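S.K.: The structure under discussion is supplied below as structure tokens; questions concerning it will follow.
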Amino acid sequence: MEGLAVTEIEGSVSKMKKEMADAMNHIAEAVDEDLRQRLLEESKMVFVLNNNMVHSIEGAGAVVTFKIIKFGICGAVAVLLFTYIRKFWVAKEKSVNE
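Read in this note's numbering, the sequence shown has 16 at position 30, and its numbers run on one by one without any break.
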């Protein structure tokens, strides 16, 4: 479980997010406008590069496609099952009422 420690958070996630935002806002107050703009531009570049890296992972698209197909099949089966059960109950109620 040692390798999973990076994804485990003790306490409230929302509290941690608020603390991080407060810390970043405190740091942002201490920097000048030029540095703030350079940090903003760098964060945009990090976002673009991160997306490029995620999209470069071979098979990522296939995994998403498989999950969509799997979800669609499960949804179709659920609709068919619901329709069958509904028709069964309607037929049963009609036979009881007659």
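Ideal placement from N, C-alpha and C gives every residue a C-beta, glycine not left out. Treat the numbers as computed from the prediction; the structure is a model and nothing was measured.
For Val34, which three-state DSSP category applies?
M.R.: If DSSP states are grouped into helix, strand and coil, Val34 belongs with the helices.
S.K.: Give the straight-line distance between the Cα atoms of Ile43 and Glu79, rounded to the nearest whole angstrom.
M.R.: Cα-Cα distance, rounded: 55 Å.
S.K.: Any idea what DSSP makes of Val65, helix, strand or coil?
M.R.: Helix, per DSSP.
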